[in-house]
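S.K.:
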Amino acid sequence: MGCGQCTEAILASQQPTPDFFYDSRMLNVLFATSEASPFIQTGGLAEVSGSLPKSLARLGCEVRLVLPAYAAVKALLPGLVPRRPLVVPGFAEACTVSSLPLEPGLELWLVDCPALFDRPGGPYADAAGIDWPDNAYRFAFFCHAVAALVADDPWRPDVVHAHDWPSALLPALLTLQPQRPRTVFTIHNLAFRGLCDRASFGHLRLPPDWWHFERLEFHGDCALLKGGLVFADRLTTVSPTYAREILTPEHGHGLDGLLRSRAGDLSGILNGIDVEVWDPARDAHLAAPYDARTLDRRGLNKLALQQTFGLPARADVFLLGVVSRLTAQKGIDLILDALAAAPPATQCVILGSGDPAFEQAALALARTQPDRVACRIGYDTGLSHQVFAGVDAFLMPSRFEPCGLSQLYSQRYGAVPVVRRTGGLADSVRDLALTKPTGIVFDAPTAAAFSAALARAAAAFAERRTWRRLQRNGMATDFSWTHSAGEYLALYRSLGAG
Ligand code: ADP
Ligand code: GLC
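Position one of the sequence shown corresponds to residue 430 (the numbering used here), numbered consecutively onward.
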């Protein structure tokens, strides 16, 4: 009690530094994102946005997770309570904000603007996968709406944390408010810059002088992503290695100069995973749940997976797996080339969708080698759990990878990852040659280097004790959010007030 009074006195003498900088009282965090599982998902951003806010709330923050109210989300959540109408200055579209308590310390807020978000399909594209032509306008509106909420809602955030290009204008717009919260912007993938042309920029209700290369202009277009990169108080990305890589021309997507100028504000925090959703001992999708002590039961999942994919059910064969967007980023071409040359005693299951050329190439390989390669085109979360639980090795030869979640899931499920040494893959997989190895890591982005890595993996698989060691080390690694959510909290606290 006495100590508490002393602390109060010290804090009072140090105004205007805010209390949350020092003590563990609740920090209000507004987490703005364009996708969050289990509500709407196209990739890893959704999984991070679904799980990090929960962990922050469990660390004592009051978190509001704010998303656009897509038709698909509203259909999932009939119990939504309209919170208030929202006037978004400069825009004629009608808008309300709805809310739904998720768990203690965490509420979902939805920006409901039917004209822009009540559409069939995904967050960015129609049901046929074609991007909506007004995406820049839709997500600019979302950012304006959240900025309006921040300005006049009785609930005041200490920190606004925005993610990737769809939410990137939010930190920029908040700089226009005299009393503003601190802002953090996280880059999940620098390759997606949110480009629009000058005419579209003219409709986004932004200060005209932001059409400038030191603000949003980017080689004659507008890059919405620059709103976050230029204006946020702090920048993070999703692994320490990617934080270094994006400062180079090779990985900077034309933004490395800007990022170098902000290097002092940029850090890398490795993503965590939701260890409740991803738990092989309690996974309802699996034929045979298991843990590190009952690894032999994994074999039942392998046989079930071979049957599901129509491959010969054989325990001895070296079974590889892929769960991925089928794009050049993920090195799918390296996988297909290496598989064509892989030894006969290898099988591979591929689950993915994306670039039609890769989809066709994967299907063609499965047709020509039906006993060795099987492919499902589509997005199927339940099946992805079965792949992680059934394959011996998991393939992720990405050309670049900001973090990557699949190699974390694969390690938790005892599927040994074979990965390129880049971004979050370099930070989360320890090569066989190191102490406490968890996988196979290779360097050159070529099919030859990947084939050599697969040969190393096959040799390790042939030595049961080596393979078990790789599996057990991976399964024993803590990939939960515990550590990384604490790093975000420390970052928020280091910011002080606006
Ligand atoms: P990215 O976000 O770049 O696609 P991540 O590894 O961060 O890469 O996250 C992708 C997530 O999506 C992982 O959880 C992965 O398992 C999942 N995923 C990718 N493709 C599919 C698919 N076809 N079916 C089910 N899950 C998939
Ligand atoms: C992006 C990246 C991926 C990362 C995910 C979540 O989609 O491509 O590497 O894991 O965001 O941060």
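Positions of the beta carbon are idealized from the N, C-alpha and C atoms, including for glycine. Because the structure is a prediction, the values reported are computed rather than measured.
#1: Report the residue ranges of all beta strand (DSSP E) runs contained in full by the stretch 589-616; include only those spanning at least 3 residues, in chain order.
#2: Grouping DSSP H, G and I as helix and E and B as strand, with all else coil, what is Glu-830?
#3: I'd like to confirm the pairing. Which residues does DSSP put opposite Val-847 in its beta bridges?
#4: What's the gap between the Cα of Leu-456 and the Cα of Val-575?
#5: Kindly indicate which residue of Arg-512, Gly-868, Leu-688, Phe-908 has the alpha-carbon position closest to the one of Asp-582.
#6: Using the C-alpha atoms, what's the distance from Arg-897 back to Ala-822?
#7: Do Ala-591 and Leu-599 have their C-beta atoms closer together than 8 Å?
#8: Helix, strand or coil: which one does DSSP assign to Pro-669?
#9: Flag this pair as yes or no: are the beta carbons of Thr-670 and Gly-852 separated by less than 8 Å?
#10: Heavy atom of the ligand GLC less than 7 Å from the Cβ of Leu-734, yes or no?
#11: Straight-line CA distance for Arg-841 to Ala-905?
#12: Indicate whether the contact test is met: 3 or more Cβ pairs, each with one atom in the stretch 663-681 and one in the stretch 639-652, closer than 8 Å.
#13: Could you tell me whether the Cβ atoms of Ile-702 and Leu-837 are closer together than 8 Å?
#14: Taking Leu-645 and Gly-656 to be in contact with their CB atoms under 8 Å, please state how far apart those CB atoms are, rounded to whole angstroms.
#15: Run through the DSSP bridge pairs and tell me what Cys-572 is partnered with.
#16: Rounded to the nearest angstrom, how far is the Cβ of Phe-817 from that of Thr-775, given a contact under 8 Å?
#17: Quick test of the definition: if touching needs 3 or more C-beta pairs under 8 Å, does the stretch 615-632 touch the stretch 483-490?
#18: Between Leu-535 and Ala-795, what straight-line distance do the alpha-carbon atoms span, to the nearest angstrom?
#19: Report yes if the C-beta distance between Leu-780 and Leu-812 is below 8 Å; otherwise report no.
#20: With 16 other CB atoms within 10 Å as the buried threshold, where does Leu-933 fall?
#21: Start and end of the alpha helix (DSSP H) containing Phe-460?
#22: In whole angstroms, what is the alpha-carbon distance linking Gly-697 and Gln-758?
#23: Name the DSSP bridge partner or partners of Ala-465?
#24: Look at the Cβ atom of Ala-844, then the Cβ atom of Gly-750, and state whether they are nearer than 8 Å.
#25: Among Ala-791, Tyr-808, Gly-807, Thr-810, whose alpha-carbon lies nearest the alpha-carbon of Arg-801?
#26: Please report the distance separating the alpha-carbon of Leu-861 from that of Ser-480.
#27: What did DSSP end up calling Ile-702 once you bin it into helix, strand or coil?
#28: Could you have a look at Val-516 and say whether DSSP puts it in helix, strand or coil?
#29: With DSSP as the reference, please indicate the residues paired to Pro-530 in a beta bridge.
#30: Can you tell me whether Tyr-451 is buried or exposed, with buried defined as 16 or more other CB within 10 angstroms of its CB?
#31: Helix, strand or coil, according to DSSP, for Leu-485 in the structure here?
#32: Give me the Cβ distance between Val-744 and Gln-736, rounded to the nearest whole Å; I'm assuming they're in contact under 8 Å.
#33: Distance check for Val-704 and Thr-864, CA to CA, integer angstroms please.
#34: At the level of alpha carbons, what is the spacing between Val-820 and Gln-900?
#35: Is Arg-611 near Gly-915, with beta carbons less than 8 Å apart?
#36: Closest by CA to Thr-462, which one among Ala-891, Glu-830, Ser-478?
M.R.: Put simply:
#1: 611-616
#2: coil
#3: Leu-824, Ile-869
#4: 18 Å
#5: Arg-512
#6: 12 Å
#7: yes
#8: helix
#9: yes
#10: no
#11: 8 Å
#12: no
#13: yes
#14: 6 Å
#15: Paired residues: none, contrary to the question.
#16: Between Thr-775 and Phe-817 the Cβ distance is about 18 Å, and since that is not below 8 Å, they are no contact.
#17: no
#18: 45 Å
#19: yes
#20: In the structure as shown, the chain starts at 430 and stops at 927, and residue 933 therefore has no counterpart that could be examined.
#21: Here Phe-460 belongs to no alpha helix (DSSP H); instead the beta strand (DSSP E) covers 457-461.
#22: 20 Å
#23: Ile-469
#24: yes
#25: Ala-791
#26: 30 Å
#27: strand
#28: coil
#29: Glu-536
#30: Per-residue confidence for Tyr-451 stands at a pLDDT of 41, beneath the threshold of 50, marking its modelled position as unreliable; the derived number appears in the next sentence. So Tyr-451 ends up on the exposed side.
#31: helix
#32: Looking at the sequence provided, one finds Ala at residue 744 rather than Val. Wrong, their Cβ atoms sit about 12 Å apart, outside the cutoff.
#33: 25 Å
#34: 12 Å
#35: no
#36: Ser-478
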